[in-house]
Amino acid sequence: MDYISGLPKPETRYGGRDGSSLLQAHCQVWGLPRDIVSDRDSRFTGVFWTELFKILGSKLSMSSSYHPQSDGQTERFNSMLEEYLRHFVRGTQKDWVKLLDVAQLCFNAQKSSSTNKSAFEIVTGQQPLLPHTLDSPQSVRSPLARSFSQEWKQNVDIARVAWRKRRSG
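Positions 1 to 169 (UniProt numbering) are the ones given, in order, by the sequence shown.
Following this line, the structure appears as structure tokens:
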């Protein structure tokens with residue numbers, strides 16, 4: 001999860017001796033983070049990162065290995081995502097890793113009960129255009145494009161149903 005924007009995203013590695021990967025992944029878009037919670041990953045516990053955060057004025061918090069729930073936001077999200085994937089994977093049972101981007105899209109488009117807005121709306125001010133809202137043209141010159149778009153639309157439909165099942169308990 002991108003804890004700066006609140007949007008889930010693929011894991012980003014901040015390896016290396018310089019902070020360029022952090023700057024490329026987050027700071028150029030969102031600015032410097034005020035606080036990052038780490039699970040004591042060696043990339044963040046080393047001298048370079050602790051000093052960089054001190055210089056930048058960001059707080060580097062460590063969760064305890066005996067109390068990983070100290071980062072409650074991550075724990076809640078991971079629990080919810082695990083439950084969602086159980087519903088989603090049951091629908092296909094294969095290539096579920098390829099469906100994670102669809103899961104992310106559907107999660108980001110879901111309205112929160114507390115804000116009545118989706119993560120997309122909060123960040124961009126508008127809802128994204130989703131495949132299930134589009135009419136497919138009758139004639140398409142590329143069979144591969146048609147096949148890809150149909151499969152993606154089906155995956156989004158499966159993901160939306162899985163999110164509804166997960167939310168309804």
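Beta carbons: idealized from backbone N, C-alpha and C, even for Gly.
Nonlocal neighbours in the same chain, by C-beta distance under 7 Å from residue i, ignoring five residues either side
{"i": "K111", "result": "K117, S118"}
Length of the line joining the Cα atoms of residue i and residue j
{"i": "K54", "j": "S38", "result": "15 Å"}
{"i": "T115", "j": "R141", "result": "43 Å"}
{"i": "V123", "j": "L81", "result": "21 Å"}
{"i": "L52", "j": "G46", "result": "10 Å"}
{"i": "Q138", "j": "Q126", "result": "28 Å"}
{"i": "M62", "j": "E75", "result": "14 Å"}
{"i": "S168", "j": "K153", "result": "23 Å"}
{"i": "L32", "j": "S113", "result": "28 Å"}
{"i": "S147", "j": "D135", "result": "15 Å"}
{"i": "R164", "j": "A145", "result": "29 Å"}
{"i": "C27", "j": "P143", "result": "40 Å"}
{"i": "K94", "j": "E151", "result": "14 Å"}
Residue i, buried or exposed, once every other Cβ within 10 Å from all chains shown has been counted against 16
{"i": "N78", "result": "exposed"}
{"i": "V29", "result": "exposed"}
{"i": "A162", "result": "buried"}
CB-CB length for residue i against residue j, believed under 8 Å
{"i": "A103", "j": "F120", "result": "A103 to F120, Cβ: 14 Å. No contact."}
{"i": "R34", "j": "S58", "result": "6 Å"}
{"i": "W49", "j": "L60", "result": "7 Å"}
{"i": "P128", "j": "S149", "result": "That belief does not hold up - the Cβ atoms of P128 and S149 are roughly 16 Å apart, past 8 Å."}
Check: residue i C-beta below 7 Å from any heavy atom of the ligand FAD
{"i": "S21", "result": "As far as ligands go, the structure on display features none, and thus does not contain the ligand FAD."}
Other residues of its chain near residue i: CB distance less than 8 Å, five sequence neighbours each side excluded
{"i": "A159", "result": "F88, L99, V102, A103, L105, C106"}
{"i": "R166", "result": "M80, E83, Y84, H87"}
{"i": "I36", "result": "Y3, F44, F53, S58, K59, L60, S61"}
CB contact check: residue i to chain B, cutoff 8 Å
{"i": "L56", "result": "Structure shown: chain B not included; a single protein chain is present."}
6 Å CB neighbourhood of residue i in its chain, flanking five on each side removed
{"i": "W96", "result": "V89"}
{"i": "R40", "result": "M62"}
Strand pairing of residue i, partner residues [DSSP]
{"i": "I36", "result": "L60"}
{"i": "K111", "result": "S118"}
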